[in-house]
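Chemist: Residues 8 to 292 (our numbering) are what the sequence shown spells out, left to right. Even for Gly, the Cβ is constructed at its ideal location relative to N, Cα and C.
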Amino acid sequence: MCVIAYVEKGRPIDRKEFEQCFYANPDGAGMMYQDHKKGLVHIRKGFMTFDEFWAAAVALPDNVERVFHFRIATSGKISQGVTHPFAVCDNYERMKRLDCYSEKAMVHNGVLMEFTPKEGLKASYSDTMKFNKEIIYPLGDAIFNHAVQRLIDEAYGCRYVIMSANDVAIIGDWKQSIETGILYSNTSYKSYLYKPVYGNWNDYESCYREDYTTYYIIRTDSILDDDERYMIEDYVLNEFWENGIHAYDCIWENGTLIVYVDSKGDSLILTDVGGYECEFVGNKK
Numbered sequence: 008m009c010v011i012a013y014v015e016k017g018r019p020i021d022r023k024e025f026e027q028c029f030y031a032n033p034d035g036a037g038m039m040y041q042d043h044k045k046g047l048v049h050i051r052k053g054f055m056t057f058d059e060f061w062a063a064a065v066a067l068p069d070n071v072e073r074v075f076h077f078r079i080a081t082s083g084k085i086s087q088g089v090t091h092p093f094a095v096c097d098n099y100e101r102m103k104r105l106d107c108y109s110e111k112a113m114v115h116n117g118v119l120m121e122f123t124p125k126e127g128l129k130a131s132y133s134d135t136m137k138f139n140k141e142i143i144y145p146l147g148d149a150i151f152n153h154a155v156q157r158l159i160d161e162a163y164g165c166r167y168v169i170m171s172a173n174d175v176a177i178i179g180d181w182k183q184s185i186e187t188g189i190l191y192s193n194t195s196y197k198s199y200l201y202k203p204v205y206g207n208w209n210d211y212e213s214c215y216r217e218d219y220t221t222y223y224i225i226r227t228d229s230i231l232d233d234d235e236r237y238m239i240e241d242y243v244l245n246e247f248w249e250n251g252i253h254a255y256d257c258i259w260e261n262g263t264l265i266v267y268v269d270s271k272g273d274s275l276i277l278t279d280v281g282g283y284e285c286e287f288v289g290n291k292k
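1. Should V168 be labelled buried (16 or more other beta-carbon atoms within 10 Å of its own) or exposed?
2. When the Cα atoms are used, what is the spatial distance from E240 to D42?
3. On the DSSP bridge assignment, give the partners of Q87 in chain order.
4. Taking one C-beta from the segment 118-126 and one from the segment 88-103 each time, how about it: are there three or more such pairs within less than 8 Å?
5. Whose C-beta lies closer than 7 Å to the C-beta of C165 among residues of the same chain, with five residues either side of it excluded?
6. Jot down the residue ranges of each uninterrupted alpha helix (DSSP H) in the segment 26-69, minimum 4 residues, whole runs only, in chain order.
7. So which of K125, P145, I20 has the shortest CA-CA distance to A66?
8. From this set, K16, G127, F60, which residue's C-alpha is nearest R73's C-alpha?
9. According to DSSP, simplified to helix, strand and coil, what is A130?
10. Anyone know if the C-beta pair for Y196 and V10 falls short of 7 Å?
11. Going along the chain, which residues of its own chain have a beta-carbon closer than 6 Å to the beta-carbon of T81, five neighbours each way excluded?
12. Verify whether the separation of the beta carbon atoms of M39 and P92 is less than 7 Å.
13. Use the C-beta contact count for I1: other C-beta atoms within 10 angstroms, 16 or more gives buried, fewer gives exposed.
14. Is the separation between the beta-carbon of L190 and that of Y13 shorter than 7 Å?
15. Short check: CB of T90 to CB of G147, under 7 Å?
16. Alpha helix (DSSP H) containing V155: first to last residue?
17. Between F60 and F54, what straight-line distance do the alpha-carbon atoms span, to the nearest angstrom?
18. Where Q156 and D97 are concerned, what is the direct C-alpha to C-alpha distance, given to the nearest angstrom?
19. Whose C-beta lies closer than 7 Å to the C-beta of G188 among residues of the same chain, with five residues either side of it excluded?
20. Return the CA-CA distance between F75 and K45, expressed in angstroms with no decimal places.
21. By the three-class DSSP mapping on this structure, what secondary structure does S171 have?
22. Just checking D21 against the ligand NAD - is the residue's beta carbon closer than 6 Å to any of the ligand's heavy atoms?
23. DSSP three-state label for N98, please.
24. What do you reckon, are the CB atoms on A149 and V48 nearer than 7 Å?
25. What do you reckon, are the CB atoms on F138 and A176 nearer than 7 Å?
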């Protein structure tokens, strides 16, 4: 599950929280901010180490709105160009530029199943890039209309930020950090450092295992009530796995449950969870 951090004008960024976000979502990070002098949004992305990312982040001006994205791949290959943000346009190659200016730019957190490439993690583009090309770009400045934002939220779910030099659209359900006031698209990054899986509580490095980001997707293809969701979550987190495998977190995206597992799972044969298909997606190495 990727995570977006939205930092309003004048608010400082926080190294501890951003480090948590980066290591919980290790497939590349990026940022965008409003450049009022140019009248454009400045995109910088493709940071594959935290030190490189942090050096760029602290160099940004703090008198403008800033958005940071930390990626864990669910579609599209792991590469610098497929990290977020993306220039809002209809050209995939332009979206992959690592340092550029654009009239509008966007980031996304979630899974857009209707836009997921068939090649999955081997694809040269991601679900976000296709959604950008087919939905966000054609909308133009209408994306800053609150009624349009509500329609996108109702139709596709997920969380988004679309930014221009003078406007920002923040779509979806967001959480504000009590400690820093920074707005996050989810809080899954917190469990990454605070819930060690191997060794004891003092073994800080145990939280950084390469195979800690294996994940599965469970598609229900139906609208579930809260009780039904709770039953599936409880089963997945506490009963489903064998041979010492542990599911440490899960999160819903519409009718899809994304499950994070602390062990390599490519050899597992999974059939169903409560009658729903469970699909292995990939390991992060």
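Modeler: On the basis of the coordinates in this document:
1. Numbered from 1 along the sequence shown, position 161 holds the residue referred to as residue 168. Burial check for V168: the Cβ neighbour count within 10 Å reaches 16 or more, so the residue is buried.
2. As a position in the sequence shown, residue 240 is number 233, starting the count at 1. As a position in the sequence shown, residue 42 is number 35, starting the count at 1. C-alpha separation (whole angstroms): 43 Å.
3. Along the sequence shown, read from residue 1 onward, the residue named residue 87 stands at position 80. Residue pairing of Q87 in beta bridges, as defined by DSSP: absent, with no partner found.
4. No: the two stretches stay apart, fewer than three of their Cβ pairs being nearer than 8 Å.
5. As a first step, residue 165 is located in the sequence shown; it is residue number 158 there, counting from the start. For C165, same chain residues with a beta-carbon under 7 Å away, outside a window of 5 residues either side, are H115, N116, G117, L119, G179, E260 in chain order.
6. Taking 4 residues as the minimum length, the alpha helix (DSSP H) runs contained wholly in the segment 26-69 are 57-65, in order along the chain.
7. Counting from one through the sequence shown, the residue named residue 66 turns up at place 59. Selected option, being the one with the closest Cα: I20.
8. Position 66 of the sequence shown, counted from the start, is the residue given in the question as residue 73. Looking only at K16, G127, F60, the smallest Cα-Cα distance to R73 is reached by K16.
9. Translated into the one-based positions of the sequence shown, residue 130 becomes position 123. Correct three-state label for A130: coil.
10. Position 189 of the sequence shown, counted from the first residue, corresponds to residue 196. Position 3 of the sequence shown, counted from the first residue, corresponds to residue 10. Between Y196 and V10, the gap from beta carbon to beta carbon is short of 7 Å.
11. Position 74 of the sequence shown, counted from the start, is the residue given in the question as residue 81. Same-chain partners within the cutoff: V118.
12. Here the question's residue 39 lines up with position 32 in the sequence shown. Here the question's residue 92 lines up with position 85 in the sequence shown. Yes, they are a contact pair.
13. Beyond the ends of the chain as shown, which are 8 and 292, falls residue 1; an answer cannot be given.
14. The residue given as residue 190 occupies position 183 in the sequence shown. The residue given as residue 13 occupies position 6 in the sequence shown. Their beta carbons are under 7 Å apart, which means L190 touches Y13 by this criterion.
15. Position 83 of the sequence shown holds residue 90. Position 140 of the sequence shown holds residue 147. In this structure, G147 does not lie closer than 7 Å to T90 by Cβ.
16. As a working note, residue 155 is residue 148 in the sequence shown. Counting along the chain, the alpha helix (DSSP H) containing V155 begins and ends at 153-163.
17. Position 53 of the sequence shown, counting from 1, holds the residue named residue 60. Position 47 of the sequence shown, counting from 1, holds the residue named residue 54. Near 5 Å, if we compare the C-alpha coordinates of F54 and F60.
18. Taking the first residue of the sequence shown as position 1, residue 156 is located at position 149. Taking the first residue of the sequence shown as position 1, residue 97 is located at position 90. Approximately 20 Å, taken between the alpha carbons.
19. Stepping through the sequence shown from its first residue, residue 188 is reached at position 181. If we look at G188 and ignore the five residues flanking it on each side, its Cβ neighbours are R18.
20. Taking the sequence shown and counting its residues from 1, the one referred to as residue 75 is at position 68. Taking the sequence shown and counting its residues from 1, the one referred to as residue 45 is at position 38. Those two C-alpha atoms are separated by around 20 Å.
21. In the sequence shown, the residue the question calls residue 171 occupies position 164. S171 sits in a strand when the DSSP states are folded into three classes.
22. For the structure depicted, the ligand NAD is absent and the ligand set is empty, with no information on it obtainable.
23. Taking the first residue of the sequence shown as 1, we reach residue 98 at position 91. Correct three-state label for N98: coil.
24. Reading the sequence shown from its first residue, position 142 is the one you call residue 149. Reading the sequence shown from its first residue, position 41 is the one you call residue 48. Cβ distance not < 7 Å, so A149 and V48 don't count as in contact.
25. Working through the sequence shown from its first residue, we reach residue 138 at position 131. Working through the sequence shown from its first residue, we reach residue 176 at position 169. With respect to the 7 Å criterion, F138 and A176 are not classified as neighbours on the basis of their beta carbons.
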